[in-house]
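In full-length UniProt numbering, the protein residues as written are 1 to 366.
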């Protein structure tokens, strides 16, 4: 025989006792026990819960979930309040104010009947909030992505995010559009309410404050810059200087690269990711791991060189080493390989679209 001394009940099964400990009734009696109050029976507890719900419903009163300006009805009060803050609703309110009020006595009987039929259909219509109505404003480049702190400049904002939130730009020496990258991240957080690390694969957030709190609590104040996510930020980076043949003027960047490339001497095999497989006879040389780019060097065509230098020095003072040369080469090869596949698919789609045309007409006017 098993008992609960707090609620003064008896159980004949251990599973029932475990489930009882997880109920709100048991938790409520525990709080009463701490306050030195006698426990409540299950019937008394249910009566109090029902009375409390009735009071809450009376306090809330009838809720209006119909928008007269947009002619839409919503399922609950929260969706109606979110709709009232949307851009479409505000535009409809302004249009309603600008248009003069019509005289109902000047309408014909047929027009009045049509209006009544339309209003009946609109009352029945229940719509959810559109996805574009949830879209907010992008976070400016001078504003922190994680706490909304306003800085004087982009450089000050980056230093703040590095110092307070441990956020850094991966492979900064190869970034050719730093301001555009921060603006894109601000659009993801502000408009899409998307976590930079989860990148759409985690839970959904409805406000900017919610996604910022998530990134702070989970330690997700960093970019997802690996594997298939590298291609998302490819427009803001240029790894051409890291290629082994970057200084060769005879190399055409548009040449098709085979997935597996064997060197002329037959001692190396280059994979699409940049990994080089060498012959075992050259093992002693591969073990040396010589890195010709030991120092962080800025890209030749990079903009805002002074700010990049300051940020690189700032990262270096904090002890940030950045990616190794092997990782950089791997990212560069992956981006180049995926871009070629993407362009090939676009070309196939374009050719297929041209074949859909049944007949051709000369583009001349008679």
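We put the beta carbon where it would ideally sit given N, CA and C, even for glycine. Predicted, not measured: the structure shown is a model, and the values here were computed from it.
Item                                                                                                               : Value
contact_flag[the stretch 72-92, the stretch 44-54] where n(CB pairs < 8 Å) is 3 or more                            : no
Residue 72 (DSSP reduced to helix, strand or coil)                                                                 : strand
CB of residue 33 within 8 Å of CB of residue 6, strictly                                                           : yes
Simplified DSSP assignment, three categories, for residue 10                                                       : strand
Distance between residue 213 and residue 138 (C-alpha atoms, nearest Å)                                            : 17 Å
6 Å CB neighbourhood of residue 165 in its chain, flanking five on each side removed                               : 146, 221
Whether residue 148 touches residue 160 by CB criterion (8 Å)                                                      : no
Reduced DSSP secondary structure (H/G/I, E/B, other) of residue 226                                                : coil
Alpha helix (DSSP H) segment containing residue 162, residue limits                                                : 154-165
Candidates 173, 141, 174: closest to residue 414 by CA position                                                    : The requested residue 414 is not part of the displayed model; the chain covers only 1 to 366.
Candidates 177, 86, 281: closest to residue 236 by CA position                                                     : 177
Closest by C-alpha distance to residue 172, when choosing among 238, 90, 205, 344                                  : 238
Among 346, 13, 200, 189, nearest to residue 210 - alpha-carbon criterion                                           : 189
Straight-line gap, residue 371 to residue 8 (C-alpha atoms, nearest Å)                                             : Beyond the ends of the chain as shown, which are 1 and 366, falls residue 371; an answer cannot be given.
Inter-residue CB distance, residue 229 and residue 170 (contact presumed, cutoff 8 Å)                              : Wrong, their Cβ atoms sit about 11 Å apart, outside the cutoff.
Outcome for residue 280 when other beta-carbon atoms lying within 10 angstroms are tallied against a minimum of 16 : exposed
Residues sharing a beta bridge with residue 375, DSSP                                                              : Within the shown structure, residues of the chain are numbered from 1 to 366, placing residue 375 beyond reach of any answer.
Bridge partner(s) assigned by DSSP for residue 143                                                                 : 150
Same chain, Cβ closer than 8 Å to residue 84, neighbours up to 5 away in sequence not counted                      : 67
Residue environment, residue 346, which counts as buried when at least 16 other CB atoms sit within 10 Å           : exposed
Close Cβ partners of residue 28 (< 8 Å) along its chain, the five nearest in sequence each way excluded            : 40, 45
Residues sharing a beta bridge with residue 175, DSSP                                                              : 237
Cross-strand partners of residue 202 (DSSP beta bridge)                                                            : DSSP lists no partner for residue 202.
DSSP three-state assignment for residue 36, whether helix, strand or coil                                          : coil
C-beta contact flag for residue 179 and residue 154 at 8 Å                                                         : yes
Residue(s) in a DSSP beta bridge with residue 3                                                                    : 10
Short Cβ contact (8 Å threshold) for residue 202 with residue 195                                                  : yes
Start and end residues, alpha helix (DSSP H) containing residue 79                                                 : 77-84
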